[in-house]
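Participant:
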Amino acid sequence: MAEPLLQVAILVVSDTAYQDATTDQAIPILQNVFVEQGQGKWSVSTTDIVPDNKEAISNKVRSWCQDGHNLVLTTGGTGFATKDNTPEAITPLLEKQAPGLVHGMLAKSLEVTPFAIMSRPVAGVANGTIVITLPGSPKGAKENLEAIIKLLPHACLQAAGMNSRTLHAGGVKKLEQDAGVASTVGHSQAHHHAHGHAIPRAHTQPQDRPKSNDPVAGPSQRYRESPYPMLSVQDAIATILQHTPKAKEITIPVTAGLVDYIIAEDVPAKEAVPAFRASIVDGYAIVITEDGSSKGVFPVASVSHASSDTVPPLQVGRIARITTGAPLPEGATSVVMVEDTILKSTTSDGTEEKEVEILTDAVKVNENVREVGSDIEQDSIILRRGDKIGPGELGLLASVGIAMVKAFRRPIIGVLSTGDEIVQHDRPESLKLGEVRDCNRPATSSVLQSAGYSTIDCGIASDSCDILVTSGGVSMGELDLLKPTIERTLGGKIHFGRVSMKPGKPTTFATVRVKDNNGNDQEKLIFSLPGNPASAITCTNLFVLPCLAKFSGHDIAMSSDEPLGKQLGRPRLTVLLEEVVQCDKSREEYQRATVRSGNDGRLFASITGGQRSSRVGSFQRANALVILPAGGGKLDKGSKVEALLVGSFA
Ligand SMILES: Nc1ncnc2c1ncn2[C@@H]1O[C@H](COP(=O)(O)OP(=O)(O)O)[C@@H](O)[C@H]1O
Ligand SMILES: [Mg+2]
């Protein structure tokens with residue numbers, strides 16, 4: 009099998025070429041060097057032109073390095089003129105300098121012309137990408153590149169490291185499979201160049217019109233086989249987690265809204281609970297002396313209510329009426345329950361207790377008393393970083409007077425249904441031919457909300473959300489425009505576009521870089537789920553939830569070597585099938601099922617009827633996804649299979 013192609017991006021730095029792209033000659037000349045001298049190892053997948061502007065240069069190169077290109081070449085702006093500032097734009101990006109490459113290029117140029125000493129090239133590694141500044145003259149740029157091109161593949165692979173670009177290699181393989189699309193897939197700039205600049209691979213017949221995902225090319229030119237490599241579910245989740253940003257700490261008020269947050273700090277108890285010695289029962293505070301018994305008739309000296317602010321001390325031989333939770337009078341040792349007493353005498357108006365008889369002598373010192381700090385000791389750690397807030401944890405924080413706490417920010421998720429045929433689900437008019445009511449938006453939103461996340465109905469350009477979940481338009485139909493929209497219009501990067509699973513095969517995951525309100529680059533994640541409702545709901549559970557979990561600080565297994573349940577951060581059960589099921593030949597299947605527990609504690613799964621992906625009813629009463637292995641066989645009633653719990657037990 010051929011090696012994956014190395015991805016090259018070429019940036020022309022020139023005010024003139026920026027104004028009129030037709031004046032540029034550098035791109036075709038450099039592309040040709042890769043074709044003729046690149047030994048079939050390269051794909052020039054991205055080109056662009058920027059003016060002689062330091063910021064424009066560094067922004068473009070930085071984003072290309074982050075996109076995972078193996079090599080970024082600039083041409084122009086390396087001389088001594090005032091506007092020549094390419095080396096100044098690039099140098100700060102370089103984590104490692106590569107003076108050897110610079111030397112190699114200069115030495116070659118000096119053979120040709122003494123003016124080479126007027127060039128100030130830099131080269132080095134930024135984010136696993138090799139960046140090299142070539143001179144502006146197309147001839148000089150060509151000579152420089154020729155001087156080093158043989159050594160570059162090795163340098164690029166070393167710079168990328170073995171693992172960091174495996175993902176990328178997937179994208180590259182896709183290019184390998186269909187050389188004709190090398191120019192159109194993986195573009196990350198809006199201002200990209202004419203397709204004519206694409207590197208033609210040796211075995212491509214020039215008369216072949218390349219298949220593409222360019223909707224403008226018309227349906228006859230669409231892909232007939234998806235160019236996206238097929239990932240396993242576990243690799244797909246690992247890819248998602250790799251691109252999910254690390255959880256960010258924020259400080260938020262302690263309110264009921266804190267439930268479901270993950271705490272980002274160890275929290276010490278500011279106060280003790282109880283803060284004072286308190287009675288556990290309604291009754292009478294008493295003083296038990298060493299030899300004394302609690303039995304006898306005692307005058308009621310005072311009253312302590314739960315709201316008392318001052319309680320007089322209690323002397324030996326007297327008792328004080330006290331309510332549950334009220335502070336014990338100073339000197340009191342224990343509390344006797346009211347049930348163990350009788351009223352002996354009242355005050356003259358008959359309204360108040362004067363004397364009470366205690367019937368039991370079994371009351372010990374400290375009985376029915378909650379000591380200071382006996383529930384929560386002051387300064388003890390009540391919650392640890394990583395703990396999830398539920399009602400109990402929230403109660404703890406509140407009980408020790410904590411008003412603000414550090415927690416991990418939770419994402420806001422935009423949910424969007426696409427498709428011209430989709431109409432608002434509650435539109436009163438009956439459906440016209442072809443129209444379909446939108447069930448994906450409410451259904452997927454509810455999956456997210458019931459896991460505790462906030463969703464907003466949202467358009468694709470909305471910037472108020474961190475993560476966008478769309479449904480529809482990701483398969484192979486001529487109107488399935490999500491993938492081209494992400495790549496072409498939004499300049500995004502598709503990390504995978506197919507998953508080996510049923511339902512949900514065309515599930516797509518991408519990142520798009522946008523500017524936030526402060527003008528900073530921010531990466532947004534896009535999940536484009538298939539349109540069929542059972543697929544959309546299944547994939548929300550399998551792919552979106554783990555991403556949200558990592559985003560909001562849950563400890564979840566990142567590697568695809570971990571069992572699926574760990575990766576998902578949810579229970580994986582072994583269940584017994586209540587009926588015979590047929591497995592799919594080639595894809596692992598996630599059939600919707602109702603799991604119940606039998607009298608003997610074993611778990612039984614009953615499949616929820618027809619499993620066609622259009623049938624949203626397959627999720628009716630479903631609390632689990634039963635994982636059926638690929639291979640096409642039948643599984644008998646009573647077979648043991650694995651299931652992922654996605655709901656609760658009835
Ligand atoms: N929001 C939705 N609610 C209900 N059905 C939908 C929704 N979106 C798409 N569908 C249906 O799913 C099927 C596939 O839609 P399509 O947009 O081609 O999705 P994809 O190409 O992603 O599989 C179509 O029958 C479509 O009408
Ligand atoms: Mg479709």
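Oh and the sequence shown: position 227 is 235 in my numbering, straight run, nothing missing. Here a beta-carbon is modelled for each residue, glycine too, at the ideal position from N, C-alpha and C. All values reported here derive from a predicted model rather than from experimental measurement.
Counting along the chain, where does the beta strand (DSSP E) carrying phenylalanine 551 start and finish?
Facilitator: Phenylalanine 551 -> no beta strand (DSSP E), and no H or E assigned at all.
Participant: Measure from the alpha carbon of alanine 658 to the alpha carbon of each residue in Asp274, Phe612, Val649, then state which is nearest.
Facilitator: For the residues Asp274, Phe612, Val649, the minimum Cα distance to alanine 658 belongs to Phe612.
Participant: Using a Cβ-based criterion (distance less than 7 Å to any ligand heavy atom), does isoleucine 421 qualify as near ligand 1?
Facilitator: Not so, every heavy atom of ligand 1 lies at least 7 Å from the Cβ.
Participant: Please determine, among Ile635, Ala542, Leu498, Cys466, the residue with the shortest C-alpha to C-alpha distance to arginine 521.
Facilitator: Here the closest residue by C-alpha is Leu498.
Participant: In whole angstroms, what separates the C-alpha of phenylalanine 123 from that of serine 145?
Facilitator: If I take the Cα positions, the gap works out to 12 Å.
Participant: What does the alpha-carbon distance come out to for the pair isoleucine 473 and lysine 574?
Facilitator: Strictly speaking, residue 473 in this sequence is cysteine, with isoleucine absent from that position. Cα-Cα distance, rounded: 27 Å.
Participant: Closest to leucine 456 by C-alpha separation, out of Val654, Leu636, Leu585, Leu114, would be which residue?
Facilitator: For leucine 456, the nearest C-alpha among the options comes from Val654.
Participant: Just to check my reading of the structure: isoleucine 564 and alanine 415 have Cβ atoms closer than 8 Å, yes? What is that Cβ distance to the nearest angstrom?
Facilitator: The pair is not a contact, with the Cβ atoms about 17 Å apart (cut-off 8 Å).
Participant: Per DSSP, what kind of secondary structure is phenylalanine 657 in: helix, strand or coil?
Facilitator: Phenylalanine 657 falls in the coil class under three-state DSSP.
Participant: According to the neighbour-count rule (16 or more other Cβ atoms, all chains shown, within 10 Å of its Cβ), is valine 588 buried or exposed?
Facilitator: That one is exposed.
Participant: Could you give the first and the last residue of the continuous beta strand (DSSP E) run that contains methionine 345?
Facilitator: Counting along the chain, the beta strand (DSSP E) containing methionine 345 begins and ends at 342 to 345.
Participant: Put lysine 648 into one of helix, strand or coil per three-state DSSP.
Facilitator: Lysine 648: strand per DSSP, three-state reduction.
Participant: Say whether the segment 472 to 490 touches the segment 419 to 438, bearing in mind that this needs 3 or more beta-carbon pairs closer than 8 Å, one atom from each stretch.
Facilitator: They touch, by the three-pair rule.
Participant: Buried or exposed: which applies to histidine 77, given that a residue is buried once 16 or more other Cβ atoms fall within 10 Å of its Cβ?
Facilitator: Buried, because 16 or more other Cβ atoms sit within 10 Å of the Cβ of histidine 77.
Participant: Under the assumption that threonine 368 contacts aspartate 395 (Cβ atoms under 8 Å), give the Cβ distance between them as a whole number of angstroms.
Facilitator: 43 Å between Cβ atoms; not a contact.
Participant: Alpha carbon to alpha carbon, how far is leucine 533 from threonine 463? Give it in angstroms, no decimals.
Facilitator: So the alpha carbons of these two residues sit roughly 14 Å apart.
Participant: Ligand 1 and valine 654: does any heavy atom of the ligand fall closer than 7 Å to the residue's C-beta?
Facilitator: Every heavy atom of ligand 1 is 7 Å or more from the Cβ of valine 654, so no.
Participant: Provide the residue span of the beta strand (DSSP E) that contains lysine 147, from first to last.
Facilitator: Element bounds for lysine 147: not the beta strand (DSSP E) but the alpha helix (DSSP H), 146 to 156.
Participant: Along the chain, which unbroken stretches of the alpha helix (DSSP H) at least 4 residues long are found entirely within the segment 51 to 80?
Facilitator: Fully enclosed alpha helix (DSSP H) runs of 4 or longer: 62 to 74.
Participant: Can you name, in chain order, every residue of its own chain whose Cβ lies under 6 Å from the Cβ of glutamate 155, other than the five neighbours on each side?
Facilitator: Before going on, a small fix: residue 155 reads as alanine here, not glutamate. Excluding positions up to five away in sequence, the list reads Gly112, Met113, Lys116.
Participant: By Cβ distance, which residues of its chain are closer than 6 Å to threonine 31, with the 5 residues on each side in sequence left out?
Facilitator: Closer than 6 Å at Cβ, skipping near neighbours: Thr24, Ala25.
Participant: Quickly, what does DSSP pair arginine 435 with across the bridge? List them, please.
Facilitator: Arginine 435 is not bridged to any residue.
Participant: Is it the case that the CB of isoleucine 430 approaches a heavy atom of ligand 1 more closely than 7 Å?
Facilitator: Yes, since a heavy atom of ligand 1 falls inside the 7 Å radius drawn around the Cβ of isoleucine 430.
Participant: Start and end of the beta strand (DSSP E) containing leucine 351?
Facilitator: Residues 349 to 354.
Participant: Quickly, what does DSSP pair alanine 632 with across the bridge? List them, please.
Facilitator: In DSSP, alanine 632 forms a bridge with Ala601, Leu653.
Participant: Give the single residue among Pro59, Asn40, Val130 whose Cα lies nearest to the Cα of alanine 106.
Facilitator: Of Pro59, Asn40, Val130, the residue nearest in Cα terms is Val130.
Participant: Is isoleucine 397 near isoleucine 271, with beta carbons less than 8 Å apart?
Facilitator: Yes, the Cβ-Cβ distance between isoleucine 397 and isoleucine 271 is below 8 Å.
Participant: Please name the residue, chosen from Lys642, Ser656, Ser568, Asn61, that lies closest to arginine 629 on a Cα-to-Cα basis.
Facilitator: Nearest of Lys642, Ser656, Ser568, Asn61 to arginine 629, Cα basis: Ser656.
Participant: For valine 16, which residues from the same chain have a beta carbon less than 6 Å from its beta carbon, with the 5 sequence-adjacent residues on both sides left out?
Facilitator: Taken in chain order, the residues that qualify are Trp50, Val52, Leu79.
Participant: Kindly indicate which residue of Pro511, Met484, Glu338, Ser287 has the alpha-carbon position closest to the one of proline 321.
Facilitator: The option with the nearest alpha carbon to proline 321 is Glu338.
Participant: Could you check whether the segment 275 to 283 touches the segment 377 to 394, counting it as contact only if at least three pairs of C-beta atoms, one from each stretch, sit closer than 8 Å?
Facilitator: Flag = yes, the segment 275 to 283 and the segment 377 to 394 touch.
Participant: Can you pull the DSSP bridge partners for serine 425?
Facilitator: DSSP, once it has assigned bridges, lists Ser479 as partnering serine 425.
Participant: Can we say the segment 321 to 330 touches the segment 297 to 310, given the rule of at least three CB pairs closer than 8 Å?
Facilitator: Yes, they touch.
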